[in-house]
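A short write-up of the structure that comes next.
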Ligand code: MN
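Residue numbers (my numbering): -16 to 214.
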């Protein structure tokens, strides 16, 4: 550490790569809102078909699959959201959907933990969602599978089980905005770069987690994501 550094800089969070001992260093975490029509409907929202919208989480909100976390502070209504996550491996700025896939390194299962009560209060007051979305341990990541191993995005199942019961069940074809469309749109506003993660939204069936809950999410062709909430 340089002598003039006031304290140790935090290490860069990393995500494992399946079938390899390589690590993916995380730069930023973008999240798409309302990308499945049935989830938008269950939240009482119309789907905006003009453009996707986003919120962000700190890279330091990341926790790896298999962790046990304490129930997040400041909420009594913490929800799971199972998501398909893309990992960016090359620069992309103002790219077209046709060129967007060149920026994708791989895909992973992820969970967007949400303090739903704080998000709802922010929505009511037209305030930002940060308290509801960006908090410690709020971005759960399973190991990343390289694109070449996963193949094309089609109708792969995306599911989440809580305590052994299926609570979310959809396919990737249910996404409103496709992976290339999301990258192309987001790249109009950011210089996307290696290390960026994009959570692509959750299907219907979101709900609360309780202390002691065990979550396990699956997407066909990807390593599963697991999380336990401590009692
Ligand atoms: Mn989400």
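The C-beta atom is built at its ideal place from N, Cα and C for all residues, glycine as well.
On the CB-based measure, 16 or more other CB atoms within 10 Å of its CB, does residue 48 come out buried or exposed?
Taking a 10 Å sphere around the C-beta of residue 48, we find 16 or more other C-beta atoms and assign the residue as buried.
First through last residue of the beta strand (DSSP E) which encompasses residue 196:
Careful: residue 196 lies outside any beta strand (DSSP E) and carries neither H nor E.
Can you tell me the Cα-Cα spacing of residue 125 and residue 66, whole angstroms?
C-alpha separation (whole angstroms): 11 angstroms.
Between which two residues does the beta strand (DSSP E) carrying residue 179 extend?
Run containing residue 179: none; DSSP gives neither H nor E here.
Does the Cβ of residue 70 have 16 or more other Cβ atoms within 10 Å, making it buried, or fewer, making it exposed?
Residue 70 counts as buried, since no fewer than 16 other beta carbons sit within 10 angstroms of its beta carbon.
Is the separation between the beta-carbon of residue 114 and that of residue 136 shorter than 8 angstroms?
Contact flag unset, no.
Please give the ranges of any beta strand (DSSP E) in the segment -11 to 46, keeping only runs that are unbroken, at least 3 residues long and fully inside the region.
Fully contained in the segment -11 to 46 are the following beta strand (DSSP E) runs of length 3 or more, in chain order: -3 to -1, 6 to 8, 12 to 16, 36 to 40.
Nearest to residue 146 by alpha carbon, out of 5, 13, -2, 212?
Considering only alpha carbons, the answer is 212.
So, helix, strand or coil for residue 205, using DSSP?
Three-state DSSP puts residue 205 in coil, outside helix and strand.
Minimum C-alpha distance to residue 132 - residue among 8, 205, -4, -13:
Nearest of 8, 205, -4, -13 to residue 132, Cα basis: 205.
Which residues does DSSP pair with residue 66 in a beta bridge?
Its beta-bridge partners are 93.
Within 7 angstroms: the Cβ of residue 184 and any heavy atom of the ligand MN?
The answer is yes for residue 184.
Taking the continuous alpha helix (DSSP H) assigned at residue 164, which residues delimit it?
Element bounds for residue 164: 162 to 169.
Based on the DSSP output, what are the partners of residue 129 in its beta bridges?
When beta bridges are read from the DSSP output, residue 129 appears opposite 89.
Less than 8 angstroms between the beta carbons of residue 42 and residue -2, yes or no?
One thing to note: residue 42 has its Cβ no nearer than 8 angstroms to the Cβ of residue -2.
So what does DSSP say about residue 80, is it helix, strand or coil?
Assigned with DSSP and collapsed to three states, residue 80 falls in helix.
To the nearest angstrom, how far is the alpha carbon of residue 34 from that of residue 18?
Cα-Cα distance, rounded: 10 angstroms.
Among 202, 197, 199, 88, which one has its Cα closest to the Cα of residue 0?
Ranked by Cα distance from residue 0, the options 202, 197, 199, 88 are led by 88.
Going by Cα to Cα distance, which pick from 84, 56, 72, 63 is closest to residue 186?
If we check each option's Cα against that of residue 186, 63 comes out closest.
Would you say residue 31 touches the ligand MN, meaning its beta carbon is less than 7 angstroms from a heavy atom?
Not so, every heavy atom of the ligand MN lies at least 7 angstroms from the Cβ.
Just to confirm, does residue 51 get its C-beta within under 7 angstroms of one of the non-hydrogen atoms of the ligand MN?
No, the beta carbon of residue 51 sits no closer than 7 angstroms to any heavy atom of the ligand MN.
May I have the straight-line CA-CA distance separating residue 199 from residue 158, to the nearest angstrom?
Taking the straight line from one Cα to the other gives about 20 angstroms.
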